[in-house]
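A.B. asks:
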Amino acid sequence: MSNPPRTRKLRLWEALTLSVGLMGPTLAMGLNGAGVAAAVGKAVPLVFLLGLLGVGLVAYGFWRLTQHFNQAGSVYALAGATIGPRAGFFGGFALLGTYLAFLVCTLAATGVFAQAFLHAMGIGSTGPWVAVAFLAALGVTALNSRDGRTTARTLLIVEGIGILAMLVLAAVITVRAGTGSAPRHQSLDLSVFTAGGTTYGAVMTATVFAFLSWAGFEACASLGEETDDPKRNIPRALAGSVLLTGGLYVLMMFAQTIGFGTDAQGVREFGKAESALSALSGQYIGTWFALVIAFTAVASAFAAALSSSAAAARMVQALARDGFGPRALARTHPVTGAPTTALRVCGGVAAALTAVMYGTGAAAFDTYYWYATLGVLCLLVAYAVAGVGVIVFTLSGRGRIPRYELVVPVAGLGYLGFVFLQQSTGQSAPYTYFPWIAAAWCLTGGAVVLFAPALTRRIGARLTSGLVTEAGFTDTNRKVPS
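Oh and the sequence shown: position 132 is 123 in my numbering, straight run, nothing missing.
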């Protein structure tokens, strides 16, 4: 059996930082705006505002369910306790694929951004990007093996510096645009919150790009067993991570859009920018600040890898504890409470996949985007399972959730279907292969529960116990459907 942790429970802000770290807001704000600008012109802030609403519909299910259930498995536990152990395992297995894919892509991102930063500093030969990725894998495994507070504080410092730097940039752009001292005399243009020269259909399609910026908001749900008063703090952390990053995204996309300018030239420059934040930093503040932004991109990629590693390991721990995989994967450190064996395995798998990509000649950016796409496709499946879970739980009456609220998760499922369709159709190779790879991974999870009834029974027994001890139900004989 695993040893219980001896350290104090995590606080609200410490749980929130895991979700914020996995989303990597510094990376998202530096990379995702250009693609949206190329699609809808100056309406980028409107796209992210609507994207926030779509994410809110999806996040509702997690917010409601974590008020009743909190275990290390996130979707695995939430869906298992509401729909049944088979659905729980299926959703959890899909989410594990997401976290492992995100770990690979963020390790690659750390490598490429570190090289870019060193080149900007005038340092010539920096070696292969995979070497930096390996060092990052060792670093995130070592940090996550310590007390959970170490991970939380590292994420807070890293992302805090990045967010602070971006807020400074946004303030400078806004002031200069408002006073007429911008480089090309760009001005504050509030029409960016309208469709402008595009259609609302194009705007809704572009929200798919925005939605990807929130991928991983649910990561703090995997800390349910390590957080103080989880039925109160985990839902708050979920809501806080979505709203905090949502406000930040809308603000920064507004600043970037007016920073480049809302005329044809500005929109064209924004759409072609490889690093929008660095480009604007050089124009509005100076080269030295562009270097600061470049460094925060490296740090944010490492922070995202740190969060991905922590979330993946806790998912592996939860599955192994219920009999899927060696029992050693369920062990926790007697002092820190960290799932050290699972952390090492996840780090090793991610490093091996990164090495395979490098060995086949794939560039770091290709590795980043390919694995990010795979992770998001699996994530959409996991989110959909959680959405069905809150619908089933509401209809059961066990949680006393008003039935009129059903419109929210139903709308969320509709939006997830829209995002999945946009991600799966109209793509060019190799992106046409990724839906099939993600489907193969998810169907593997489905095959396991269909052909391993003993595993299903163990999951059901544990989840039933979790309902009594964590949700506060007193009927210990209530059976979880299989």
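Virtual Cβ for every residue (Gly too), placed ideally from N, Cα, C.
1) Just to check my reading of the structure: P400 and G378 have Cβ atoms closer than 8 Å, yes? What is that Cβ distance to the nearest angstrom?
2) Label V359 either buried or exposed according to how many other C-beta atoms from any shown protein chain fall within 10 Å of its C-beta, with 16 as the threshold for buried.
3) Can you give, in chain order, each stretch of the beta strand (DSSP E) that sits fully within the stretch 139 to 215 and has at least 3 residues?
4) Report all residues from its chain with a CB closer than 8 Å to the CB of C369; omit the five preceding and five following residues, and keep chain order.
5) Using a Cβ-Cβ cut-off of 7 Å (strictly less than) and excluding sequence neighbours within five positions of A29, which residues of its own chain qualify?
6) Pick helix, strand or coil for T218, following the three-state DSSP scheme.
7) Is F53 near A295, with beta carbons less than 8 Å apart?
8) Under 8 Å between the Cβ atoms of F484 and T73?
9) Please confirm whether V35 and V46 have their CB atoms less than 8 Å apart.
10) Taking just the CA atoms, how far does G405 sit from A343?
11) Near S371, what residues of its chain come up, given a Cβ to Cβ distance below 8 Å and the 5 sequence neighbours on each side ignored?
12) Report yes if the C-beta distance between I249 and L320 is below 8 Å; otherwise report no.
13) Among M157, T97, S266 and W120, which has the Cα closest to the Cα of A206?
14) Where do the ends of the alpha helix (DSSP H) carrying Q106 lie?
15) For M20, which option in V149, E260, R305 and S266 has the closest C-alpha, if you only look at C-alpha atoms?
16) How about L147 and T236: are their beta carbons less than 8 Å apart?
17) Based on the DSSP output, what are the partners of L1 in its beta bridges?
18) Counting pairs of Cβ atoms below 8 Å between the stretch 116 to 135 and the stretch 298 to 306, do you hit three or more?
19) DSSP three-state call for V253: helix, strand or coil?
20) What do you get for A346, buried or exposed, if any count of 16 or more other CB atoms within 10 angstroms of its CB means buried?
21) My assumption, with CB atoms under 8 Å, is that A68 sits in contact with Q62. Please give the rounded CB distance.
22) May I have the straight-line CA-CA distance separating D466 from I382, to the nearest angstrom?
23) Quick one: what does DSSP say E265 is sitting in, helix, strand or coil?
24) Are the CB atoms of G417 and H59 within a distance shorter than 8 Å?
25) Name the two residues that bound the continuous alpha helix (DSSP H) containing V38.
26) Take the Cβ of V149 as the centre, count every other Cβ of all protein chains shown within 10 Å, and call the residue buried at 16 or more, exposed below.
27) Quick one: give me the first and last residue of the alpha helix (DSSP H) that G405 is part of.
28) I need the boundaries of the alpha helix (DSSP H) containing N23, first residue and last residue.
29) At what residues does the alpha helix (DSSP H) containing F356 begin and finish?
30) Would you call the stretch 311 to 318 and the stretch 103 to 120 touching, i.e. three or more CB-CB distances under 8 Å?
31) Does the beta-carbon of Y395 have 16 or more other beta-carbons within 10 angstroms, so that it is buried, or is it exposed?
32) On a CA-only basis, which of F202, A353, A354 and P330 is nearest E217? Give me that one, please.
33) Which same chain residues end up closer than 7 Å to P119 when comparing Cβ atoms and leaving out the 5 residues on each side of it in sequence?
C.D. replies: According to the structure shown:
1) Translated into the one-based positions of the sequence shown, residue 400 becomes position 409. Translated into the one-based positions of the sequence shown, residue 378 becomes position 387. Between G378 and P400 the Cβ distance is about 5 Å, and since that is below 8 Å, they are a contact.
2) Taking the sequence shown and counting its residues from 1, the one referred to as residue 359 is at position 368. Rather than Val, the amino acid found at residue 359 in this sequence is Tyr. So Y359 ends up on the buried side.
3) none
4) Working through the sequence shown from its first residue, we reach residue 369 at position 378. The residues are A85, L86, G88, T89, A92, A429, W432 and C433.
5) Residue mapping note: residue 29 aligns to position 38 of the sequence shown, counting from 1. Contacts found: G262.
6) Position 227 of the sequence shown, counted from the start, is the residue given in the question as residue 218. If DSSP states are grouped into helix, strand and coil, T218 belongs with the strands.
7) Counting from 1 along the sequence shown, the entry for residue 53 is found at position 62. Counting from 1 along the sequence shown, the entry for residue 295 is found at position 304. Result no, Cβ atoms of F53 and A295 do not sit closer than 8 Å.
8) Only positions -8 to 473 of the chain appear in this structure, which leaves residue 484 out of reach.
9) Taking the first residue of the sequence shown as position 1, residue 35 is located at position 44. Taking the first residue of the sequence shown as position 1, residue 46 is located at position 55. Not closer than 8 Å, so no.
10) In the sequence shown, counting from the first residue as 1, residue 343 sits at position 352. In the sequence shown, counting from the first residue as 1, residue 405 sits at position 414. Answer to the nearest angstrom: the Cα atoms are 36 Å apart.
11) Residue 371 sits at position 380 when you count from the first residue of the sequence shown. The amino acid occupying residue 371 in the given sequence is Leu; Ser does not appear at that position. Closer than 8 Å at the Cβ level, and outside the excluded window around L371, lie L407, V410, F411 and Q414.
12) The residue you call residue 249 lines up with position 258 of the sequence shown. The residue you call residue 320 lines up with position 329 of the sequence shown. Taking 8 Å as the Cβ cut-off, I249 and L320 do not qualify as a contacting pair.
13) Your numbering for residue 206 matches position 215 in the sequence shown. Taking only the C-alpha atoms, the option nearest A206 is T97.
14) Locating residue 106 in the sequence shown gives position 115, where the first residue counts as 1. From DSSP, the alpha helix (DSSP H) with Q106 extends over P76 to A111.
15) By 1-based counting over the sequence shown, the position of residue 20 is 29. Of the listed residues, the one whose Cα sits closest to M20 is S266.
16) Walking along the sequence shown from the start, residue 147 turns up at place 156. Walking along the sequence shown from the start, residue 236 turns up at place 245. Contact flag unset, no.
17) Numbered from its first residue, the sequence shown carries residue 1 at position 10. In DSSP, L1 forms a bridge with T218.
18) yes
19) By 1-based counting over the sequence shown, the position of residue 253 is 262. Before going on, a small fix: residue 253 reads as Thr here, not Val. Coil at T253, not helix or strand.
20) Translated into positions along the sequence shown, residue 346 becomes position 355. So A346 ends up on the exposed side.
21) As a position in the sequence shown, residue 68 is number 77, starting the count at 1. As a position in the sequence shown, residue 62 is number 71, starting the count at 1. Yes, A68 and Q62 are in contact; Cβ-Cβ is about 4 Å, under 8 Å.
22) Working through the sequence shown from its first residue, we reach residue 466 at position 475. Working through the sequence shown from its first residue, we reach residue 382 at position 391. Confidence in D466 is poor, its pLDDT being 37 and thus under 50, which makes the residue's placement too unreliable to answer from.
23) In the sequence shown, counting from the first residue as 1, residue 265 sits at position 274. Residue state, collapsed to three classes: coil.
24) Within the sequence shown, numbered from 1, the residue matching residue 59 stands at position 68. Within the sequence shown, numbered from 1, the residue matching residue 417 stands at position 426. No; because the gap between Cβ atoms is not below 8 Å, this pair is not in contact.
25) Taking the first residue of the sequence shown as position 1, residue 38 is located at position 47. Run containing V38: V35 to L56, per the alpha helix (DSSP H) assignment.
26) The residue given as residue 149 occupies position 158 in the sequence shown. Buried: at least 16 other Cβ atoms inside 10 Å.
27) What you label residue 405 is simply residue 414 of the sequence shown in a count that begins at 1. Residues V398 to S415.
28) Within the sequence shown, residue 23 is the residue found at index 32, counting from 1. Note, N23: alpha helix (DSSP H), P16 to V31.
29) For the purposes of this step, residue 356 is taken as the residue at position 365 of the sequence shown. Taken as a continuous stretch (DSSP letters only), the alpha helix (DSSP H) holding F356 covers A355 to S387.
30) no
31) Counting from one through the sequence shown, the residue named residue 395 turns up at place 404. Result: exposed.
32) Position 226 of the sequence shown, counting from 1, holds the residue named residue 217. With distances taken between Cα atoms, E217 lies closest to P330.
33) Looking up residue 119 in the sequence shown gives position 128. The residues are Y349.
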